[in-house]
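Position in the sequence shown (first residue = 1) + 23 = this note's numbering.
For glycine and all other residues, C-beta sits at the position ideal for the given N, C-alpha and C.
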Amino acid sequence: MSGAPAPLRVVSLVPSLTEAVAVSTPPGTLVGVTDWCTHPADLGGAARIGGTKNPDTAAIAALRPDLVLANEEENRAADLDVLRAAGLRALVTEIRTLEQAFAELGRVLAACGVRARPGWLDEAEAAWAAVAPGDLTYSAVTPGDLTYSAVVPIWRRPWMVLGRETFAGDLLARLGVRNLYAGHAERYPRVPLDELLAAGPDLVVLPDEPYRFTRDDGPEAFPGLPAALVDGRHLTWYGPSLAEAPASLARALRAARR
């Protein structure tokens, strides 16, 4: 009498998707993850296969995965071409808005054999559905001032900021933050610090990833400007963290504006 079918063998090249798959699939599904995959803390026996931008493609192929999860922004097309040439199936996500995140998460989980919708996905959708402009439960804005302008650095030396069509920018916009570089031709433009200051933001938003901005590294470059130090996982990851993200981001925005 045969038992349940063996779970798919999945390699994830995206930390956000690693977390989503890990908490939604049977143990042993993830056989390979990147060095940057930190959540959940226990990823079982999943092999570490390098970074998101420099994965060990030979090691991935040796794991014989049924599926490789990737993202068009986080992973290089050249690496995915190598994996496909080795006969591996790669699912490449595109996530630039919250709606895209929910849709792509559903597609990823279905491809990983998840049949029942996980509870965390319902919780995440409900948390963001509760966000409304001017709702002080989440937003740092006040009635009559439903948006405030900001620059959102993601790197320094050189300074880089959120530009057009970014997932993080979409989340901030839902919380009343108007990204001053949302109309830039590039998605992550390099902008000299003097230009960032001259843009006249009301606020600077500083996540702790990919660059680890801290109270002692970042705010001093924007003297006199309120600085919101936000959890980078809540700002840039799409997965279970989305359920906590609205409240977490709003707390940081409110604290900066006091």
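According to DSSP, what are the bridge partners of Asn202?
In the sequence shown, residue 202 corresponds to position 179, counting from 1. Looking at the DSSP assignment, Asn202 forms a beta bridge with Ala173.
Specify, as a first and last residue, the run of the beta strand (DSSP E) that Thr116 falls within.
Your numbering for residue 116 matches position 93 in the sequence shown. Its beta strand (DSSP E) spans residues Ala113 to Thr116.
Could you tell me how far apart the beta carbons of Leu203 and Ser172 are, in whole angstroms, since I believe they sit closer than 8 Å?
The count along the sequence shown starts at 1 and reaches residue 203 at position 180. The count along the sequence shown starts at 1 and reaches residue 172 at position 149. With 8 Å as the limit, Leu203 and Ser172 qualify as a contact, their Cβ atoms being about 5 Å apart.
What distance in whole Å lies between the Cβ atoms of Leu198 and Ala273, which are believed to be in contact at a cut-off of 8 Å?
Working through the sequence shown from its first residue, we reach residue 273 at position 250. Working through the sequence shown from its first residue, we reach residue 198 at position 175. Their Cβ separation, rounded to whole angstroms, is 6 Å, which keeps Ala273 and Leu198 in contact under 8 Å.
Cross-strand partners of Thr237 (DSSP beta bridge):
As a first step, residue 237 is located in the sequence shown; it is residue number 214 there, counting from the start. Its beta-bridge partners are Asp240.
I'd like the span of the alpha helix (DSSP H) that includes Leu272, first residue to last.
Sequence index remark: in the sequence shown, residue 272 carries index 249 (1-based). It spans Ala268 to Arg280 - the alpha helix (DSSP H) in which Leu272 sits, taken as one unbroken run.
With a threshold of 8 Å on Cβ separation, who are the neighbours of Leu86 within its own chain once the five nearest residues in sequence on each side are excluded?
Locating residue 86 in the sequence shown gives position 63, counting from the first residue. If we look at Leu86 and ignore the five residues flanking it on each side, its Cβ neighbours are Arg32, Val34, Val54, Gly55, Ala70 and Ile72.
Ser35, DSSP secondary structure in three states:
Within the sequence shown, numbered from 1, the residue matching residue 35 stands at position 12. Note: Ser35 maps to strand in three-state DSSP.
Considering just the uninterrupted stretch of the beta strand (DSSP E) at Val91, what are its terminal residues?
As a working note, residue 91 is residue 68 in the sequence shown. First-last of the beta strand (DSSP E) with Val91: Leu90 to Asn94.
In whole angstroms, give me the CA-to-CA distance for Asn98 and Leu36.
Here residue 98 corresponds to residue number 75 of the sequence shown, with the count starting at 1. Here residue 36 corresponds to residue number 13 of the sequence shown, with the count starting at 1. C-alpha separation (whole angstroms): 7 Å.
Asp65 to Leu111, Cα distance in whole Å?
Residue numbering aside, residue 65 sits at position 42 when the sequence shown is read from its first letter. Residue numbering aside, residue 111 sits at position 88 when the sequence shown is read from its first letter. Taking the straight line joining both Cα atoms gives about 26 Å.
Three-state secondary structure (DSSP) of Leu53:
Locating residue 53 in the sequence shown gives position 30, counting from the first residue. DSSP places Leu53 in strand when its eight states are reduced to three.
Val154: first and last residue of the uninterrupted alpha helix (DSSP H) it sits in
Translated into the one-based positions of the sequence shown, residue 154 becomes position 131. Where Val154 is concerned, there is no enclosing alpha helix (DSSP H), given that its DSSP letter is neither H nor E.
Three-state secondary structure (DSSP) at Ser264?
Counting from 1 along the sequence shown, the entry for residue 264 is found at position 241. Ser264 falls in the helix class under three-state DSSP.
Would you report the Cα separation of Glu188 and Ala82, rounded to the nearest angstrom?
As a working mapping, residue 188 is identified with position 165 in the sequence shown. As a working mapping, residue 82 is identified with position 59 in the sequence shown. Glu188 and Ala82: Cα-Cα distance of roughly 33 Å.
Helix, strand or coil at Gly73 according to DSSP, with G and I counted as helix:
Locating residue 73 in the sequence shown gives position 50, where the first residue counts as 1. Three-state DSSP puts Gly73 in a strand.
For Ala266, is the classification buried or exposed, using 16 other Cβ atoms within 10 angstroms of its Cβ as the cut-off for buried?
Within the sequence shown, the letter at position 243 stands for residue 266. With 16 or more other Cβ atoms within 10 Å, it is buried.
Suppose contacts are defined by Cβ-Cβ distances below 8 Å. Is Asp254 in contact with Asp231 by that definition?
The residue given as residue 254 occupies position 231 in the sequence shown. The residue given as residue 231 occupies position 208 in the sequence shown. Yes, the pair counts as a contact, with Cβ atoms nearer than the cut-off.
CB Val175 to CB Val228, shorter than 8 Å?
What you label residue 175 is simply residue 152 of the sequence shown in a count that begins at 1. What you label residue 228 is simply residue 205 of the sequence shown in a count that begins at 1. Yes; because the gap between Cβ atoms is below 8 Å, this pair is in contact.
Using the rule of at least 16 other Cβ atoms within 10 Å of the residue's Cβ for burial, across every protein chain shown, is Asn77 buried or exposed?
As a first step, residue 77 must be located in the sequence shown, where it is residue number 54. By the neighbour-count rule (16 or more Cβ atoms within 10 Å), Asn77 is not buried but exposed.
Over the uninterrupted beta strand (DSSP E) stretch that includes Leu252, give me the two end residues.
Indexing the sequence shown from 1 puts residue 252 at position 229. Per DSSP, the continuous beta strand (DSSP E) segment holding Leu252 begins and ends at Ala250 to Val253.
Skipping 5 residues on each side, what residues in its chain have a beta carbon closer than 6 Å to that of Asp225?
The sequence position of residue 225 within the sequence shown is 202, counting from 1. The residues are Tyr171 and Ser172.
Between the CA atoms of Glu95 and Arg280 - distance to the nearest angstrom
In the sequence shown, residue 280 corresponds to position 257, counting from 1. In the sequence shown, residue 95 corresponds to position 72, counting from 1. Answer to the nearest angstrom: the Cα atoms are 35 Å apart.
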